[in-house]
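Numbering (the working numbering), first residue to last: 465 to 625.
Note that CB positions come from ideal geometry on N, CA and C, so glycine has one too.
One structure below.
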Amino acid sequence: MSDTSGRGGTDENAGVDEHAGQRGPAATIEIEPPAADGLVLTYAPQRDGDPDAGEVVWTWVPYEEGDGRGKDRPVLVIGVQNAQRAYAVRLTSKSHEGDRDFLPIGPGAWDSQGRPSWVDIEQVYSVHRDGMRREASALDLTRFARVAQALQKRYGWSVGG
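Structure, rendered in structure tokens:
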């Protein structure tokens, strides 16, 4: 897969910080889900090098243990937090069939092996624009709407246009 973020060359790792999102003010962090009126789920992907709602981007994501460990992984951006940060939920290729905290979304361009993916709707992350390693692709509107519906049901967030 080539890097389409404008942050590097044709190699997906060229010109990007291997530790983007890992530490400092641009770190990707797990956060408490915003209140019901604190997030409008939007679909607004733009291939501009910034994490936009509806895009799958790669960033360093901390493990649940909160001990400083984590890994580079894809996340789905679901809305704007502020001028520098976006709300996101993590993706995994590990099967979570029947787990109510995970929504199957199938394969996508974010996984070079074409494996099916699941969205973890239990954990919410704050991704800094400088903590994003690369844009992988945009989720199609139909699948994004399914994710938004599951998040709306769970957290009470509204769905915007």
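{"Asked": "Proximal residues to Gly470 (C-beta, below 7 Å), its chain only, five neighbours per side dropped", "Found": "Because Gly470 carries a pLDDT of 36, less than 50, the predicted location of this residue cannot be relied on, and no value is offered for it."}
{"Asked": "Three-state secondary structure (DSSP) of Ala517", "Found": "coil"}
{"Asked": "Inter-stretch contact at 8 Å, needing at least 3 Cβ pairs: the stretch 534 to 542 / the stretch 559 to 567", "Found": "no"}
{"Asked": "Beta-carbon proximity of Ile585 to Leu605, cut-off 9 Å", "Found": "no"}
{"Asked": "Where Tyr619 falls: helix, strand or coil (DSSP)", "Found": "helix"}
{"Asked": "Nearest neighbour of Pro489, chosen from Asp594, Trp621 and Val623 [CA to CA]", "Found": "Asp594"}
{"Asked": "CB contact flag (Gly543, Ala573, <9 Å)", "Found": "no"}
{"Asked": "Spatial neighbours of Phe608 in its chain, beta-carbon cut-off 6 Å, leaving aside the 5 residues before and after", "Found": "Tyr507 and Gly518"}
{"Asked": "Any non-hydrogen atom of the ligand COA within 8 Å of Glu586 CB", "Found": "Of the ligands one can find in the structure shown there are none, so the ligand COA has no counterpart to examine."}
{"Asked": "Delimiting residues of the beta strand (DSSP E) encompassing Ser590", "Found": "Val588 to His592"}
{"Asked": "Which of helix, strand or coil DSSP assigns to Gly543", "Found": "strand"}
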